[in-house]
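Each protein sequence line maps, in turn, to chains C and Y.
Using the working numbering, you'd call the opening residue of the first sequence number 1 and step up by one each time.
Using the working numbering, you'd call the opening residue of the second sequence number 1 and step up by one each time.
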Amino acid sequence: MKIGQISVFLENKPGHTIEPVRLLARAGIDIRTFSVADTSEFGILRMIVSDPKSATDLLQKAGYVVNLTEVLAVEVPDRPGGLAGVLEVFENTEINIEYLYAFPVRRGDKAVLIFRFDNPDAAVARLQRAGINVVETLEVYQH
Amino acid sequence: MSTLCEVVAARFQPASSPDYVPREYLRELQSARLRSIVERTYERVQLFRSRMGRLGLHPRDLRGIEDLALLPFTTKADLRDTYPFGLFASPMDEVVRLHASSGTTGKPIVVAYTQADLAIWTNVMVRTFAAQGIHTGDIVQNAYGYGLFTGGLGAHCGAEALGATVIPISGGNTDRQIMVMKDFGVTVVCCTPSYFLHLLDRARELGVDVRSLPLRVGVFGAEPWTESMRTRIEEQGGIKAYDIYGLSEIIGPGVAGECVCQTGLHVFEDHFYPEIIDFETERPVKDGVEGELVLTTLTKSAMPMIRYRTRDITRILTEACPCGRTMRRIQKISRRSDDMFIVRGVNVFPSQIETALLDVEGTLPHYQIILTRAQGLDEIEVRVEVTPEVFSDKIGALEGLHSRLIEALDRVLGLRVRIRLVEPQSIQRSEGKAKRVIDRRFEDQ
Chain C
1 MKIGQISVFL
11 ENKPGHTIEP
21 VRLLARAGID
31 IRTFSVADTS
41 EFGILRMIVS
51 DPKSATDLLQ
61 KAGYVVNLTE
71 VLAVEVPDRP
81 GGLAGVLEVF
91 ENTEINIEYL
101 YAFPVRRGDK
111 AVLIFRFDNP
121 DAAVARLQRA
131 GINVVETLEV
141 YQH
Chain Y
1 MSTLCEVVAA
11 RFQPASSPDY
21 VPREYLRELQ
31 SARLRSIVER
41 TYERVQLFRS
51 RMGRLGLHPR
61 DLRGIEDLAL
71 LPFTTKADLR
81 DTYPFGLFAS
91 PMDEVVRLHA
101 SSGTTGKPIV
111 VAYTQADLAI
121 WTNVMVRTFA
131 AQGIHTGDIV
141 QNAYGYGLFT
151 GGLGAHCGAE
161 ALGATVIPIS
171 GGNTDRQIMV
181 MKDFGVTVVC
191 CTPSYFLHLL
201 DRARELGVDV
211 RSLPLRVGVF
221 GAEPWTESMR
231 TRIEEQGGIK
241 AYDIYGLSEI
251 IGPGVAGECV
261 CQTGLHVFED
271 HFYPEIIDFE
281 TERPVKDGVE
291 GELVLTTLTK
301 SAMPMIRYRT
311 RDITRILTEA
321 CPCGRTMRRI
331 QKISRRSDDM
341 FIVRGVNVFP
351 SQIETALLDV
361 EGTLPHYQII
371 LTRAQGLDEI
381 EVRVEVTPEV
391 FSDKIGALEG
401 LHSRLIEALD
411 RVLGLRVRIR
421 LVEPQSIQRS
431 EGKAKRVIDR
441 RFEDQ
């Protein structure tokens with residue numbers, strides 16, 4: 001139900017994104033999707049990869065600060081109001097969405113979004129009650 | 001206490017100013033004053049008495065200045081440990097002024113003055129200004145900060161007693177400083193050298209050519225500065241730039257100052273006796289050899305300091321000064337024997353920065369302090385390596401860490417510090433230890 005996301009601390013300097021990405025490439029680890037959050041001085045590279053455990057070890061050995069967090073891959077109807085419908089599930093609840101970004105594969109008429117909740121277990125329960133599909137494993141999106 | 005006049009009168013040589021007294025008489029005066037100050041401190045300061053006791057020493061064992069090295073040292077830690085008033089040798093009803101300066105633990109160190117101490121302070125500042133060719137009729141813009149810091153009031157009282165016209169403008173508000181300098185016909189400015197450079201830059205932006213103003217002398221202190229900075233200040237400001245040296249623990253500004261020859265700072269030895277010691281052996285070195293400056297106040301009542309370790313590195317210059325003053329000179333100070341540095345007149349120890357980092361993060365991350373100077377103002381940047389313990393995938397969490405670090409450093413130092421979060425291992429280490437302080441303030445100046 002929950003998917004591992006790895007986050008890497010990077011300084012916001014030219015060339016700083018390529019090194020960790022290159023490391024993963026050399027190890028044959030596939031980056032399924034990613035997002036970068038940044039300030040003027042630093043950034044956080046967040047990635048969903050084919051093998052989060054090995055990717056974490058590899059990056060840590062190379063000296064990066066890495067953390068592994070659980071995120072949810074949520075199917076969102078790909079039509080006007082689709083995202084709003086999902087977000088409404090969490091309106092007036094104690095559950096916070098920290099951030100979200102896209103997964104670049106569609107499933108039928110559904111888009112897939114990666115959600116980072118402060119309380120993923122509570123979020124899963126809410127989504128299921130609302131009849132919204134939380135993807136079990138990203139392997140079904142093998143392209 | 002023997003007065004200078006008594007010593008001189010006992011001989012035959014008249015002296016118009018104590019600055020020119022023959023050295024043998026000066027030495028006699030110093031010996032008499034040392035015996036008397038040691039006696040006073042022994043009677044009134046418990047810490048000194050117990051240290052003397054441990055060394056098996058009594059004030060009567062002291063013949064004169066030749067025995068100074070027998071006496072125990074006093075350090076900044078002693079001031080901290082006895083905070084606030086533990087080293088005072090005068091009852092509070094004789095103390096007329098308190099000043100304070102930053103210490104290493106957030107608590108300041110406190111210094112005290114009797115009426116007589118203030119008169120000494122004024123006297124040495126008058127002699128400082130006079131040695132720099134400042135006189136009645138000069139208009140002195142005193143841009144040292146007034147307040148707990150000794151710079152403002154120290155320079156103020158000296159310039160006023162000299163008979164100059166003092167403008168007590170204090171620090172800051174550069175545009176107003178420039179306006180006053182121009183409109184009041186200021187001839188002398190007192191401030192930190194870095195602030196004066198900033199003032200020059202701002203004047204240029206405002207279209208004011210400082211060289212065309214009546215300003216002719218700058219009295220600069222409270223932070224180390226280099227000869228190349230002096231050249232720049234003198235060229236761009238069209239002035240003579242003089243270095244002054246002092247520290248609150250001894251009296252404030254007025255411990256030593258350059259004369260018009262600009263070749264070292266004359267120490268006002270009739271009040272403050274200088275020794276240079278080897279860092280390792282802690283034994284006095286010969287004149288001319290570099291070491292740590294140790295000062296003994298020979299006349300101060302409220303807070304006598306016996307062999308105070310300044311941590312400033314210099315040497316005593318052996319040649320006689322062309323100006324004829326017999327007061328020995330120390331070389332311009334540019335380094336310290338500990339890792340303290342001075343930013344905008346504030347003493348900063350890396351240990352203070354460590355305390356703040358530790359408070360915020362729980363463990364001490366690798367860090368590096370970078371000092372730079374922009375528009376004449378010193379900036380501190382602290383680079384902090386991000387550790388797994390504090391790292392988060394949420395940008396808000398890192399931004400929160402960033403601002404907590406800034407606030408913690410502000411609390412400890414009273415200075416706004418720039419924090420840069422950097423990748424692990426990005427701070428260079430040599431033999432496993434990172435170089436803590438990189439000072440780029442004097443590059444390209």
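No residue lacks a Cβ here, since even glycine has one placed at the ideal position from N, Cα and C.
Could you work out which residue in the options is closest to residue i when comparing CA atoms only?
| i | options | result |
| --- | --- | --- |
| Y:E389 | Y:E361, Y:R416, Y:R283 and Y:I369 | Y:E361 |
| Y:L413 | Y:P108, Y:F88, Y:K435 and Y:R383 | Y:P108 |
| Y:L206 | Y:Q425, Y:Y146, Y:P284 and Y:M179 | Y:M179 |
| Y:R329 | Y:T355, Y:L415, Y:E258 and Y:Y144 | Y:E258 |
| C:R26 | C:D78, C:K110, C:L58 and C:A37 | C:L58 |
| Y:I438 | Y:G396, Y:E399 and Y:Y367 | Y:Y367 |
| Y:S17 | Y:F268, Y:L298 and Y:E443 | Y:F268 |
| Y:V126 | Y:G154, Y:H99, Y:A143 and Y:Q115 | Y:G154 |
| Y:G29 | Y:G64, Y:G56, Y:S334 and Y:E43 | Residue identity check: residue 29 of chain Y is Leu in the sequence provided, not Gly. Selected option, being the one with the closest Cα: Y:G64. |
| Y:Y308 | Y:F88, Y:V417, Y:P91 and Y:E249 | Y:E249 |
| Y:R418 | Y:Q331, Y:I353 and Y:L298 | Y:I353 |
| Y:A130 | Y:E160, Y:I167, Y:Q115 and Y:G145 | Y:E160 |
| Y:K300 | Y:I251, Y:W225, Y:V110 and Y:P84 | Y:I251 |
| C:V36 | Y:D393, Y:L401, Y:E407 and Y:D410 | Y:D393 |
| C:T39 | Y:G396, Y:V38, Y:F272 and Y:R411 | Y:G396 |
| C:Y144 | C:M1, C:E41, C:L83 and C:R22 | What is shown of chain C runs 1 to 143, which leaves residue 144 of chain C out entirely. |
| Y:I277 | Y:H266, Y:L265 and Y:V294 | Y:V294 |
| Y:A77 | Y:L47, Y:P168 and Y:I239 | Y:L47 |
| Y:Q141 | Y:A89, Y:Q177, Y:P322 and Y:Q132 | Y:Q177 |
Can you give me the Cβ contacts of residue i inside the same chain, cut-off strictly under 7 Å, excluding the 5 residues immediately before and after it?
| i | result |
| --- | --- |
| Y:T174 | H198, L199 and R202 |
| C:I18 | none |
| Y:E282 | none |
| Y:R49 | Y42 |
| Y:R230 | A241 |
Measure the CB-CB distance between residue i and residue j and report whether it falls below 7 Å.
| i | j | result |
| --- | --- | --- |
| Y:V21 | Y:T310 | no |
| C:P120 | C:T33 | no |
| Y:I139 | Y:V186 | yes |
| Y:T128 | Y:G254 | yes |
| Y:E385 | Y:I427 | yes |
| Y:T74 | Y:M305 | yes |
| Y:A256 | Y:Y113 | no |
| Y:Q115 | Y:V95 | no |
| Y:T263 | Y:G288 | no |
| Y:T192 | Y:G345 | yes |
| Y:L87 | Y:V38 | no |
| Y:F272 | Y:T297 | yes |
| C:V134 | C:V124 | yes |
Hey, residue i and residue j are a contact pair by Cβ (cut 8 Å); roughly how many whole angstroms apart?
| i | j | result |
| --- | --- | --- |
| C:R126 | C:V89 | 5 Å |
| Y:V208 | Y:K182 | 6 Å |
| Y:P350 | Y:D359 | Y:P350 to Y:D359, Cβ: 15 Å. No contact. |
| Y:L148 | Y:V189 | Wrong, their Cβ atoms sit about 22 Å apart, outside the cutoff. |
| C:A122 | C:I95 | 5 Å |
| C:E11 | Y:E423 | 5 Å |
| Y:G237 | Y:V210 | 5 Å |
| Y:E292 | Y:S334 | Y:E292 to Y:S334, Cβ: 14 Å. No contact. |
| C:V76 | C:A111 | 5 Å |
| Y:R436 | Y:I369 | 6 Å |
| Y:D312 | Y:S194 | Their Cβ separation, rounded to whole angstroms, is 18 Å, which puts Y:D312 and Y:S194 out of contact at 8 Å. |
Using a Cβ-Cβ cutoff of less than 6 Å, which residues in the same chain neighbour residue i once the five nearest sequence positions on both sides are dropped?
| i | result |
| --- | --- |
| C:I6 | M47, P52, A55, T56, V66 and L68 |
| C:G131 | none |
| C:I3 | V71 and A73 |
| C:T137 | none |
| Y:Q13 | With a pLDDT of only 39 at Y:Q13, under the threshold of 50, the placement of this residue in the model should not be trusted; the figure read from the coordinates follows. Here the set comprises nothing. |
| C:D109 | D78 |
| Y:T447 | In this structure chain Y extends from 1 to 445, so residue 447 of chain Y is not present and cannot be described. |
| Y:E290 | R315 |
| C:H16 | L10 |
Output needed for residue i: all residues of its chain with C-beta closer than 8 Å, excluding positions within five of it in sequence on either side, in chain order.
| i | result |
| --- | --- |
| Y:D61 | D67 and L70 |
| Y:V110 | L79, Y83, P84, F85, L98, H99 and A100 |
| Y:W121 | Y113, G154, C157, G158, I251, G252 and G254 |
Q. Listed in chain order, which residues of the region 101–122 of chain C have Cβ atoms closer than 8 Å to some Cβ of chain Y?
A. Going along the region 101–122 of chain C in chain order, one finds R116 with a Cβ nearer than 8 Å to chain Y.
**Q.** Near-chain Y residues of the region 33–61 of chain C - C-beta to any C-beta below 9 Å
**A.** Listed by position along the chain: A37, D38, T39, E41, F42, G43, I44, R46 and Q60.
Q. When you check each C-beta in the region 239–250 of chain Y against every C-beta of chain C, which residues fall closer than 9 Å?
A. Of all residues in the region 239–250 of chain Y, none has a Cβ within less than 9 Å of some Cβ in chain C.
Q | the region 61–75 of chain C: positions lying closer than 8 Å to chain Y by Cβ | A | So the close ones are G63, Y64, V65, V66, N67 and T69.
Q: Check distances from the C-beta atoms of the region 3–26 of chain C to those of chain Y and list, in chain order, the residues that come in under 8 Å.
A: Legend: CB atoms of the region 3–26 of chain C lying less than 8 Å from CB atoms of chain Y belong to residues Q5, S7, F9, L10, E11 and H16.
Q.
Can you pull out the residues from the region 356–371 of chain Y whose beta carbon lies closer than 7 Å to at least one beta carbon of chain C?
A. Here the close residues number zero.
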